[in-house]
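Undergrad:
Encoded structure:
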């Protein structure tokens, strides 16, 4: 069983289902509205835990007790170690507002709240969670200096680091890249970061070479319904996705990363099999609505 620590965001997702997206100035009736647990960090932690990992979390929530207590209960229900979650005064717990249409496309607006307010000192206070892990996973919905601190601790202690650079930024600090073992962007994020538009496998290889030049060992580019491209140790390939009837792509990428961290060997020796497993997990997620409610359990695989 892999031990995984996630540094990341915790959001309450408020989802609205519509037949189609509204145009500017247009009013439409909705089909359904519901709330669920979300946040890229929390989603990835829950995916890792449900799919077999022993998972801990480092992050923050606000003092809005009703929302924060709901989110904490959801994490506890899945058995995640929450000792690294701080409660910050004068901040609200993160929330995301998600619109999903009948074509399973989504628009997401995020209020970061406490997610963007915790400090590297908080990461240091929970360094034992990191040093006792096999993998540390992070995204960009929390402060980059916190991720950098966590990855430095991981590197010093032989813990493998996985960076999901989402939402994408065009200038990732070199200090962070130097302590990143694997990077997992999607097509859009890859273009923002590298400046290379992803159109075919050749462009993926070119983008991967840019990442490798920065010192990153393994590059995975998630391609949605096409599957996942990888570049590692001189080998490149696309692992196809499973063909399913997708109804909501929310948390598909987060499921992939959580699943990957739950089964990947630290030396990446089973990388292809781990990607196939993760593609399968994501294929289940997209057939259901919501973020955390859609993430599968190991018994479903």
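Residue numbers (the UniProt record's numbering): 1 to 301. All residues carry an ideal CB built from backbone N, CA and C; glycine is no exception.
For residue 179 and residue 159, what's the separation of their Cα atoms in angstroms?
TA: To locate residue 179, count along the chain shown from 1; it is residue 179. To locate residue 159, count along the chain shown from 1; it is residue 159. The straight-line gap from Cα to Cα measures roughly 10 angstroms.
Undergrad: Looking only at its chain, what residues have a beta carbon closer than 6 angstroms to the beta carbon of residue 142, apart from the 5 residues adjacent to it on each side?
TA: In the chain shown, the residue the question calls residue 142 occupies position 142. Only 8, 9 and 115 meet the Cβ criterion.
Undergrad: The alpha helix (DSSP H) that contains residue 15, what's its start and end?
TA: Position 15 of the chain shown, counted from the start, is the residue given in the question as residue 15. First-last for residue 15: 11-17, but that is the beta strand (DSSP E), not the alpha helix (DSSP H).
Undergrad: Go to residue 98, then tell me how far its beta strand (DSSP E) extends in each direction, as first and last residue.
TA: Position 98 of the chain shown, counted from the start, is the residue given in the question as residue 98. Boundaries of the beta strand (DSSP E) harbouring residue 98: 94-100, taken from the DSSP string.
Undergrad: To which residues of the same chain is residue 273 closer than 8 angstroms at the C-beta, ignoring the five residues directly before and after it?
TA: The residue you call residue 273 lines up with position 273 of the chain shown. Closer than 8 angstroms at the Cβ level, and outside the excluded window around residue 273, lie 263.
Undergrad: Between the alpha carbons of residue 71 and residue 163, how many angstroms are there, rounded?
TA: In the chain shown, the residue the question calls residue 71 occupies position 71. In the chain shown, the residue the question calls residue 163 occupies position 163. Straight-line Cα distance between these residues: approximately 23 angstroms.
Undergrad: From the DSSP output, in three-state form, read off residue 59 for me.
TA: As a working note, residue 59 is residue 59 in the chain shown. Strand.
Undergrad: Per DSSP, residue 54 forms a beta bridge with which residues?
TA: Here the question's residue 54 lines up with position 54 in the chain shown. DSSP output for residue 54 lists 3 as bridge partner(s).
Undergrad: Looking only at DSSP bridge pairs, what is residue 212 linked to?
TA: Here residue 212 corresponds to residue number 212 of the chain shown, with the count starting at 1. The partner list for residue 212 (beta bridge, DSSP) is empty, contrary to what the question assumes.
Undergrad: Would you call residue 374 buried or exposed, if buried means 16 or more other Cβ atoms sit within 10 Å of its Cβ?
TA: Since the first and last residues shown for the chain are 1 and 301, residue 374 lies out of range.
Undergrad: Looking at residue 193: is its Cβ nearer than 8 angstroms to the Cβ of residue 216?
TA: The sequence position of residue 193 within the chain shown is 193, counting from 1. The sequence position of residue 216 within the chain shown is 216, counting from 1. Not a contact, by the Cβ cut-off of 8 angstroms.
Undergrad: Once DSSP output is grouped into helix, strand and coil, what is the label at residue 88?
TA: Here residue 88 is taken as the residue at index 88 of the chain shown, counted from 1. DSSP places residue 88 in strand when its eight states are reduced to three.
Undergrad: Using a 10 Å radius around the Cβ and a threshold of 16 neighbouring Cβ atoms, would you call residue 107 buried or exposed?
TA: For the purposes of this step, residue 107 is taken as residue 107 along the chain shown, with counting starting at 1. Flag for residue 107 reads exposed.
Undergrad: Return the CA-CA distance between residue 153 and residue 24, expressed in angstroms with no decimal places.
TA: One-based indexing of the chain shown puts residue 153 at position 153. One-based indexing of the chain shown puts residue 24 at position 24. The alpha-carbon atoms of residue 153 and residue 24 are separated by roughly 46 angstroms.
Undergrad: Secondary structure at residue 256, three-state DSSP: helix, strand or coil?
TA: Locating residue 256 in the chain shown gives position 256, counting from the first residue. Helix at residue 256.
Undergrad: Would the C-beta of residue 278 count as close to the ligand GTP, meaning under 7 angstroms from any of its heavy atoms?
TA: As for the ligand GTP, it is missing from this structure, which has no ligand bound.
Undergrad: What is the C-beta distance between residue 147 and residue 155, in whole angstroms, given that I count them as a contact (C-beta under 8 angstroms)?
TA: Stepping through the chain shown from its first residue, residue 147 is reached at position 147. Stepping through the chain shown from its first residue, residue 155 is reached at position 155. Residue 147 to residue 155, Cβ: 12 angstroms. No contact.
Undergrad: Less than 8 angstroms between C-beta atoms, sequence neighbours within five positions excluded: which residues of the same chain meet that for residue 1?
TA: Numbered from 1 along the chain shown, position 1 holds the residue referred to as residue 1. Cβ neighbours of residue 1 beyond the five flanking positions: 52, 53 and 54.
Undergrad: Could you give the residue range of the beta strand (DSSP E) that holds residue 266?
TA: Numbered from its first residue, the chain shown carries residue 266 at position 266. Unbroken run through residue 266: none, as it is neither H nor E.
Undergrad: Mind checking residue 173: buried by the 16 CB within 10 Å criterion, or exposed?
TA: Position 173 of the chain shown, counted from the first residue, corresponds to residue 173. Burial call: exposed.
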